[in-house]
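Novice: Please find one structure pasted underneath; my questions will follow.
Numbering (my numbering), first residue to last: 125 to 883.
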């Protein structure tokens, strides 16, 4: 029998085993990160994005627009900040606005005019106007209510005389006392009126309101400074919700709209990012689409100017408008994900993308980069940057405590926070990473990608680096070692990672139960992954699959549960592959109903990476051959060939936990390089079963707890590993079963009573 493998194939597998040593040699230029330096150029602090960095430097020179497209955590926001910093240091003095923006009253109460003036000239203008108003205010006669006070005083005095005279007359004529009472009451009322007017006069004289109110129409004519470049040194405005108010500006609400107290329109105006900021950074352009500001932004990008208009139709200032335009020559820096890019390509025939490409570039952020000497050096630099940032955070949080209480005070307070004892010489200082710890970070980034690449989604790694730092600090270790990184990787999980961990715990009991209750015929341990929406990481998990083949009935394959379109198509491919065997061996095909069940896959299944597992489950049930339940399998099946799939390293890691009692896995031959990171900081050896090569990784110390990984080219290789049968043995047993089924079907057709019994 000819083998699927050639001599070079075995040599390639053995070359995989040289990877850890070659990686250690490439890291031979340092022992730990203490001697690693961070570049002064801000853009060079962003790693793994060479194409994006080159584009940003070019765009910075010609003041173009930028749209960065990529997954979260690839460095879009960091590049935008670095872009701002580079422009600030290189062209900041020329990009920063030099003129103040003034607002003047317009042709009526709902219109204003803008003017661009030198700030010093504005100061002189406003000082002169204020001095003139002060002089005018001082020339206004002092506030007086004498015209109201004198008549009241005269009336009060007359009433007092009448009261006195009537009181004397009342001694002789008692009826005169009536006049005494009435006049007395009138005199008291006039006295109160007199005091009231005097109090009002005093209040108005002690304040300048009286004079100022009389000159309000002049105060309303003074221009308003809407923007002073001396007070705003920043070049970039970060806009989280790009709408007309934040981007263009508008008019504030006026609560005093009645009488003569209303605020003039030009004093209620305010400016947005377009008028004030040379660079506008929109962190997620999807918000711009949702809010509906896209059309206005396109117009402003084209014309480089706009009119300031009122806000909502029902609010104050709805009818307010500027008579002349504001300048808006902005550099637009925007970010989005791939789903938003697809929408932008359709929206307005891609008009926004056209504007970007006209004076800039659309930058595709790398999700993964090839592992080589340069990218490894960049990764080490990145880790050093995070160490420096963590030290800054410690100083900001604990610096004053160290100054007043020393490290002893930090230790006591930290023990209270953590609820545990810390080493006597505990110091809250960031540690450098050892070479072994760096190897663990490289291993993790390799596992999160494929094709010998390092994942560029680095934001989730920040939390892992910090947690490893804390573990080293709590132990008072001189360096962050590999064990600290392993602990951080185990504990620092995303939402999907925590869910995957719970599912694996559930699958442990489920797998043991299936193994104890079945004869393992038709049951296969497939391998699946959960994709994290936040960090981009894949979390592997075992996926028990059951296959069943029934002769006669409808000739089809079905899969229960929430099976996606790709998974359903994969099931059809498996059915076609099995029918191909019947044709190859010349066995009669009587028609079979094939059923595939993903056991307790409540969240649904999508993808074709379980097609090899489906094929094994159906063949196992068809020929009644048990499947080894201690091995997992993954791969996409096309005919007899096993093609590569994604997330292989994560799938393997998910079943390497000794609690699952798994002993190995079968993976596609073309995924062989995905095993390389699993060899880092472990013991391993070359193995071979018949002609199928593999690598044995020892999970425990002293070369214990072996885990075998076999590289399969065809589905017959997986039959050999999981069922212990060669291709000839499988085909012969399929032919025998086919003959039995054919005889059974013929017997059913010839004997109606037998058919009735079967029904």
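Glycine is no exception: its CB is placed at the ideal position from the N, C-alpha and C atoms. Given the structure is predicted, the values throughout are model-derived calculations rather than measurements.
Which runs of the alpha helix (DSSP H), 4 residues or longer, sit entirely within the region 741-808?
Specialist: 772-778
Novice: Measure the alpha-carbon distance for residue 648 versus residue 198 and round it to whole angstroms.
Specialist: For residue 648 and residue 198, the distance between alpha carbons rounds to 37 Å.
Novice: Are residue 460 and residue 409 touching if we call contact CB-CB under 8 Å?
Specialist: yes
Novice: Have a look at 815, 220, 204, 867 and flag the residue whose alpha-carbon is nearest the alpha-carbon of residue 169.
Specialist: 204
Novice: Determine the closest residue to residue 693 out of 556, 603, 681, 424, with distance taken between C-alpha atoms.
Specialist: 681
Novice: Could you tell me the distance, in whole angstroms, from the CA atom of residue 133 to the CA atom of residue 768?
Specialist: 16 Å
Novice: Could you check what DSSP says for residue 459 in three-state terms: helix, strand or coil?
Specialist: strand
Novice: DSSP three-state label for residue 665, please.
Specialist: Strand.
Novice: Just how far apart, CA to CA, sit residue 673 and residue 826?
Specialist: Taking the straight line from one Cα to the other gives about 45 Å.
Novice: Can you check which of these residues, 816, 592, 208, is closest to residue 834 by C-alpha distance?
Specialist: 816
Novice: In the DSSP assignment, the alpha helix (DSSP H) including residue 607 goes from what residue to what residue?
Specialist: 606-615
Novice: By a C-beta neighbour count over all protein chains shown, 10 Å radius and 16 as the cutoff for buried, is residue 496 buried or exposed?
Specialist: Residue 496 comes out exposed.
Novice: Please report the straight-line C-alpha distance between residue 571 and residue 366, rounded to a whole angstrom.
Specialist: 38 Å
Novice: Does DSSP put residue 528 in a helix, a strand or coil?
Specialist: helix
Novice: With H, G and I counted as helix, E and B as strand and the rest as coil, what does DSSP make of residue 871?
Specialist: Reduced to three states, the DSSP call for residue 871 is helix.
Novice: How many Å lie between residue 242 and residue 353 at the Cα?
Specialist: Pairing residue 242 with residue 353, the inter-Cα distance amounts to about 10 Å.
Novice: With DSSP collapsed to three states, give me the class of residue 854.
Specialist: helix
Novice: In chain order, what residues of the same chain have a beta carbon less than 6 Å from the beta carbon of residue 683, not counting five sequence neighbours either side?
Specialist: 695, 720
Novice: Comparing C-alpha positions only, which one of 545, 129, 488, 127 sits nearest to residue 179?
Specialist: When each option's Cα is compared against that of residue 179, the closest is 488.
Novice: Can you give the beta carbon distance from residue 510 to residue 586, rounded, assuming they're within the 8 Å contact cut?
Specialist: 6 Å
Novice: DSSP state of residue 154, grouped into three classes?
Specialist: Note: residue 154 maps to coil in three-state DSSP.
Novice: Residue 831 lies in the beta strand (DSSP E); which residues open and close that run?
Specialist: Taken as a continuous stretch (DSSP letters only), the beta strand (DSSP E) holding residue 831 covers 830-836.
Novice: Roughly how many whole angstroms lie between the Cα atoms of residue 231 and residue 389?
Specialist: 11 Å
Novice: Apply the 10 Å Cβ neighbour rule to residue 332 and answer buried if 16 or more other Cβ atoms are within range, or exposed otherwise.
Specialist: Low local confidence applies: a pLDDT of 49 at residue 332 is under 50, so the model's placement there is unreliable, and no value is given.
Novice: So, are the CB atoms of residue 415 and residue 193 less than 8 Å apart?
Specialist: no
Novice: Alpha carbon to alpha carbon, what distance is there between residue 865 and residue 709?
Specialist: 16 Å
Novice: Just list the residues that DSSP pairs residue 395 with in beta bridges.
Specialist: 373
Novice: What do you get for residue 812, buried or exposed, if any count of 16 or more other CB atoms within 10 angstroms of its CB means buried?
Specialist: exposed
Novice: By how many angstroms is the C-alpha of residue 377 removed from the C-alpha of residue 442?
Specialist: 10 Å
Novice: When the Cβ atoms of the region 127-144 are set against those of the region 174-188, are three or more pairs found closer than 8 Å?
Specialist: no
Novice: Roughly how many whole angstroms lie between the Cα atoms of residue 429 and residue 399?
Specialist: Spanning the alpha carbons of residue 429 and residue 399 requires a straight line of approximately 9 Å.
Novice: In whole angstroms, what separates the C-alpha of residue 857 from that of residue 706?
Specialist: Between residue 857 and residue 706, the C-alpha separation is close to 11 Å.
Novice: Leaving aside the five residues before and after residue 287 along the sequence, list all residues of the same chain whose C-beta is less than 7 Å from its C-beta, in chain order.
Specialist: Residues 304, 307, 308, 311 of the same chain have their beta carbon placed closer than 7 Å to that of residue 287, with the five preceding and five following residues left out of the count.
Novice: Tell me which residues share the same chain as residue 807 and place their Cβ nearer than 7 Å to its Cβ, disregarding the 5 neighbours each side in the sequence.
Specialist: 822, 827
Novice: May I ask you to report which of helix, strand or coil DSSP gives residue 588?
Specialist: helix
Novice: Is it buried or exposed for residue 127, if we count other Cβ within 10 angstroms and need 16 for buried?
Specialist: exposed
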